[in-house]
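S.K.: Here you go, one structure.
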Amino acid sequence: MVMKLRSFLLVLYVSGISLAQAGNIVEAPSTKNKPDTLQAQPKSTPMPDEFKAKLKLANAGDEEAMVDVGLAYMDGTEFLAVNEKEAYRWFKKVADRDNTDGDYYLGMLLQNQEKYQQAEKWYRRGAEKGDAYCQYAMGYLYEHGIGVEQNLKQAKAWYAEAAEQEHANAQFAMGLFYHDGLGGGIDYQKAREWYERSAGNNIAAAVNNLAVMYENGEGVEPDAEMAIYLYRQAANMGSATAQVNMGDFYQEGHSAIEKNSYQAMYWYKRAAQQNNIAAQLAIAKAYEQGNGVGKDLAEAFIWYERAAQNESQDAGMKVAEFYEKGLGGVKKDPKKAVEWYISLANSDGKEAQIKLAELYVSGELKNVDVNDILSWLLIAQENSIEAQNQLAIFYLTGTGVAKNTHRARQLLEKAAFKKNSDAQNNLAVMYARGEGGEKNIFRSVMWFERAVELGNETAKGNLALLKQNNGVTGKMLQYTSNVTQPSKQAGGD
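In terms of mature numbering (1 follows the signal peptide of the UniProt record, and there is no 0), the sequence shown is residues -22 to -1, 1 to 471.
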């Protein structure tokens, strides 16, 4: 049986697990302790003479050569165009000889073509014959619901089959499943055992996650020195995640390691060379704030733009902000900023959706369908207090919806109780004016005071006006600055 030239790409995710240090959390998609995506094993490109020799062997029935020829056609080389039909033909020849390498590569080829159910058939065929790579692939399909209904228990079972055959990536997957309780309960001891086995097979992500366990005290006594030792080891093995972790430790400082912003930048830049988004963001913030490097907004913009091109929503928001405000030598271009916000909003970026709503209500946004903004807010408000506040303004002003001050007050109350200071200020104004319900100066003062405690300057001015109590009316009170004042048309429903 031919040794596989590449491993299946495992896109791994982890649930939120709080760490002892603020800001260091294990969560999707890209934070300090997210395990690396496991990369495909490199394949050398054969020279023409070598390929001719391989082709001759393949035509003579050499199964290993058949696989090599199939791979050359699947990926293409400097001298050979991609030809998936030829790749399929060679892999099928191997599979027809009852060689599971053919099953595996047929599955991979078909998956690349997004023929997922056909891919699953070939992977399963090889997996049931005991091929570890096919078993690993089956685990991946079940984990992500590709070509099959998602089933984490089935995924775990297939990963276990492959892991017992020393498939290093499957061992890592088993560690992750036990670490996060995927497909069953959390078991830190088993997670550690599988990570250790995977680490013994040179998987840097497993070393990184062992460090996570020592940092968190998960199944072991918390040991920051051991965690840093393991993070450094994983970082030197090439794990971009571990490199970011080392950067974070140096940037934040710790009892086990002295704060050193220059060392932090060293590790961030190593990770950024691997196109790691978290590292690119960290470098951008360092240049923006002058933390460990000279403050340089132009350089910050370059790094934010790189991260944004890698589909970082946070970075995209910063790029839009630079265009909106003309920061870092970037020419002020509100139109370009809006283009960024719209692109992010269409990618389900909640911050961008709310920002567009703010711009629309304030009259700064033209030629955008208010129904799009409203639909974004209606979805976002389920989990976003900022969206609740902004949707309330839509109801308050009758923007894109029938004016409904009662509904506006309900939404503001939800956001206000969750400590959104803009919502607290706006709710206080409604109580002072008697919009959407009864007029209640006591509650108005209470909400203004809460907003002031959170640093809301508009609320501070409103509270001062209200307490003067010498002819002040509700119409003199101000909504938050990003809201078009609706006082002339306001009224209870």
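Where is the CB? At the ideal position from N, CA and C, for every residue including glycine.
Grouping DSSP H, G and I as helix and E and B as strand, with all else coil, what is I124?
M.R.: If you number the sequence shown from 1, residue 124 lands on position 146. Coil.
S.K.: Tell me whether the beta-carbon of Q149 lies closer than 7 Å to the beta-carbon of R170.
M.R.: Start at 1 with the first residue of the sequence shown, and residue 149 comes out as number 171. Start at 1 with the first residue of the sequence shown, and residue 170 comes out as number 192. Not a contact, by the Cβ cut-off of 7 Å.
S.K.: Start and end of the alpha helix (DSSP H) containing K417?
M.R.: Within the sequence shown, numbered from 1, the residue matching residue 417 stands at position 439. Counting along the chain, K417 falls outside any alpha helix (DSSP H), and DSSP gives it neither H nor E.
S.K.: Are there 16 or more other CB atoms within 10 angstroms of the CB of V60, so buried, or fewer, so exposed?
M.R.: On the sequence shown, residue 60 is found 82 positions in, with the first residue counted as 1. It counts as exposed.
S.K.: For the alpha helix (DSSP H) that contains A401, what are its first and last residues?
M.R.: Start at 1 with the first residue of the sequence shown, and residue 401 comes out as number 423. Run containing A401: S399 to R411, per the alpha helix (DSSP H) assignment.
S.K.: How far does the alpha helix (DSSP H) with N238 in it reach, from first residue to last?
M.R.: In the sequence shown, residue 238 corresponds to position 260, counting from 1. No alpha helix (DSSP H) holds N238; DSSP gives it neither H nor E.
S.K.: Thinking just about the alpha-carbon of each residue, which of Q258, G231, A184 and D53 is nearest to the one in A202?
M.R.: Position 224 of the sequence shown holds residue 202. Per the Cα distances, G231.
S.K.: Just to confirm, are E302 and A286 a CB contact at a threshold of 7 Å?
M.R.: Taking the first residue of the sequence shown as position 1, residue 302 is located at position 324. Taking the first residue of the sequence shown as position 1, residue 286 is located at position 308. Not in contact: E302 and A286 (Cβ atoms no closer than 7 Å).
S.K.: Below 7 Å between beta carbons: does that hold for H403 and N434?
M.R.: On the sequence shown, residue 403 is found 425 positions in, with the first residue counted as 1. On the sequence shown, residue 434 is found 456 positions in, with the first residue counted as 1. It should be noted that the sequence gives Asn, not His, for residue 403. Yes, the Cβ-Cβ distance between N403 and N434 is below 7 Å.
S.K.: Kindly indicate which three-state DSSP category S22 falls into: helix, strand or coil?
M.R.: To locate residue 22, count along the sequence shown from 1; it is residue 44. For S22, the predicted structure reports a pLDDT of 45, less than 50, and the residue's modelled location is therefore unreliable. A value from the coordinates is still provided. DSSP places S22 in coil when its eight states are reduced to three.
S.K.: Compute the distance between the beta-carbons of N180 and A220, then report whether it is under 7 Å.
M.R.: Position 202 of the sequence shown, counted from the start, is the residue given in the question as residue 180. Position 242 of the sequence shown, counted from the start, is the residue given in the question as residue 220. Cβ atoms of N180 and A220: not closer than 7 Å.
S.K.: If you draw a straight line from the C-alpha of E139 to the C-alpha of Q132, how long is it?
M.R.: Along the sequence shown, one-based indexing puts residue 139 at 161. Along the sequence shown, one-based indexing puts residue 132 at 154. Spanning the two alpha carbons is a distance of roughly 11 Å.
S.K.: Can you tell me whether Q456 is helix, strand or coil according to DSSP?
M.R.: On the sequence shown, position 478 is the one that residue 456 refers to. In this structure, Q456 counts as coil in the three-state DSSP scheme.
S.K.: Could you work out which residue in E144, E142 and K93 is closest to L119 when comparing CA atoms only?
M.R.: Against the sequence shown, residue 119 aligns to sequence position 141. The shortest Cα separation from L119 among E144, E142 and K93 belongs to K93.
S.K.: For S290, which of helix, strand or coil comes out of DSSP?
M.R.: For the purposes of this step, residue 290 is taken as the residue at position 312 of the sequence shown. DSSP places S290 in coil when its eight states are reduced to three.
S.K.: Give the range of the alpha helix (DSSP H) segment to which L88 is assigned.
M.R.: Counted from its first residue, the sequence shown places residue 88 at position 110. Segment T78 to N90, the alpha helix (DSSP H) holding L88.
S.K.: Measuring CA to CA, which of G195, L188, P200 and N194 is closest to R210?
M.R.: Position 232 of the sequence shown holds residue 210. Here the closest residue by C-alpha is L188.
S.K.: Check whether the Cβ atoms of M152 and W172 sit closer than 7 Å, and answer yes or no.
M.R.: Position 174 of the sequence shown, counted from the start, is the residue given in the question as residue 152. Position 194 of the sequence shown, counted from the start, is the residue given in the question as residue 172. Cβ distance < 7 Å, so M152 and W172 count as in contact.
S.K.: Per DSSP, what kind of secondary structure is D53 in: helix, strand or coil?
M.R.: By one-based count along the sequence shown, residue 53 stands at place 75. Correct three-state label for D53: helix.
S.K.: Of all the options A429, A242 and S217, which has the alpha carbon lying nearest to the alpha carbon of Y228?
M.R.: Translated into the one-based positions of the sequence shown, residue 228 becomes position 250. Cα-wise, what sits closest to Y228 is A242.
S.K.: Please report how far the alpha carbon of Q359 lies from the alpha carbon of L352, in whole angstroms.
M.R.: Locating residue 359 in the sequence shown gives position 381, where the first residue counts as 1. Locating residue 352 in the sequence shown gives position 374, where the first residue counts as 1. Spanning the two alpha carbons is a distance of roughly 10 Å.
S.K.: Leaving aside the five residues before and after G80 along the sequence, list all residues of the same chain whose C-beta is less than 6 Å from its C-beta, in chain order.
M.R.: Here residue 80 refers to the residue found at position 102 of the sequence shown. Excluding positions up to five away in sequence, the list reads F69, V72 and A73.
S.K.: Pick out whichever of A182, A43, M86 and V346 has its Cα sitting closest to the Cα of S321.
M.R.: Start at 1 with the first residue of the sequence shown, and residue 321 comes out as number 343. Cα-wise, what sits closest to S321 is V346.
S.K.: Answer yes or no: do L334 and A293 have a C-beta to C-beta separation smaller than 7 Å?
M.R.: For the purposes of this step, residue 334 is taken as residue 356 along the sequence shown, with counting starting at 1. For the purposes of this step, residue 293 is taken as residue 315 along the sequence shown, with counting starting at 1. Not in contact: L334 and A293 (Cβ atoms no closer than 7 Å).
S.K.: Any idea what DSSP makes of M60, helix, strand or coil?
M.R.: The count along the sequence shown starts at 1 and reaches residue 60 at position 82. One detail in the question is off: residue 60 reads as Val in this sequence, not Met. Looking at V60 - three-state DSSP - the assignment turns out to be coil, as it is neither helix nor strand.
S.K.: Do A264 and G270 have their CB atoms nearer than 7 Å?
M.R.: Taking the sequence shown and counting its residues from 1, one reaches residue 264 at position 286. Taking the sequence shown and counting its residues from 1, one reaches residue 270 at position 292. Yes; because the gap between Cβ atoms is below 7 Å, this pair is in contact.
S.K.: Could you tell me the boundaries of the alpha helix (DSSP H) in which L390 lies?
M.R.: To locate residue 390, count along the sequence shown from 1; it is residue 412. Here the alpha helix (DSSP H) through L390 covers T383 to F395.
S.K.: Work out the CA separation of G162 and A370 for me, nearest whole Å.
M.R.: Start at 1 with the first residue of the sequence shown, and residue 370 comes out as number 392. Start at 1 with the first residue of the sequence shown, and residue 162 comes out as number 184. Distance between the alpha carbons of A370 and G162: 42 Å.
S.K.: What three-state label does DSSP hand A358 in the structure shown?
M.R.: Position 380 of the sequence shown, counting from 1, holds the residue named residue 358. Three-state result, A358: helix.
S.K.: My output table needs one value for A38: the three-state DSSP class, helix, strand or coil.
M.R.: Walking along the sequence shown from the start, residue 38 turns up at place 60. DSSP places A38 in coil when its eight states are reduced to three.
S.K.: Taking just the CA atoms, how far does P312 sit from L58?
M.R.: On the sequence shown, position 80 is the one that residue 58 refers to. On the sequence shown, position 334 is the one that residue 312 refers to. If I take the Cα positions, the gap works out to 47 Å.
S.K.: Does DSSP put P200 in a helix, in a strand, or in coil?
M.R.: Along the sequence shown, one-based indexing puts residue 200 at 222. Reduced to three states, the DSSP call for P200 is coil.
S.K.: According to DSSP, is G470 helix, strand or coil?
M.R.: To locate residue 470, count along the sequence shown from 1; it is residue 492. Low confidence applies here, because G470 scores a pLDDT of 38, under 50, leaving its location unreliable and the question unanswered by this model.
S.K.: Could you tell me the alpha carbon to alpha carbon distance between G225 and K296, rounded to whole angstroms?
M.R.: Taking the sequence shown and counting its residues from 1, the one referred to as residue 225 is at position 247. Taking the sequence shown and counting its residues from 1, the one referred to as residue 296 is at position 318. Going by the C-alpha atoms only, they are around 21 Å apart.
S.K.: Quick check: C112 and G104, are their CB atoms within less than 7 Å of each other?
M.R.: Numbered from its first residue, the sequence shown carries residue 112 at position 134. Numbered from its first residue, the sequence shown carries residue 104 at position 126. Cβ distance < 7 Å, so C112 and G104 count as in contact.
S.K.: Among residues of its own chain, excluding the 5 on either side of N288, which ones have a beta-carbon nearer than 6 Å to its beta-carbon?
M.R.: For the purposes of this step, residue 288 is taken as the residue at position 310 of the sequence shown. These residues qualify, in order along the chain: I255.
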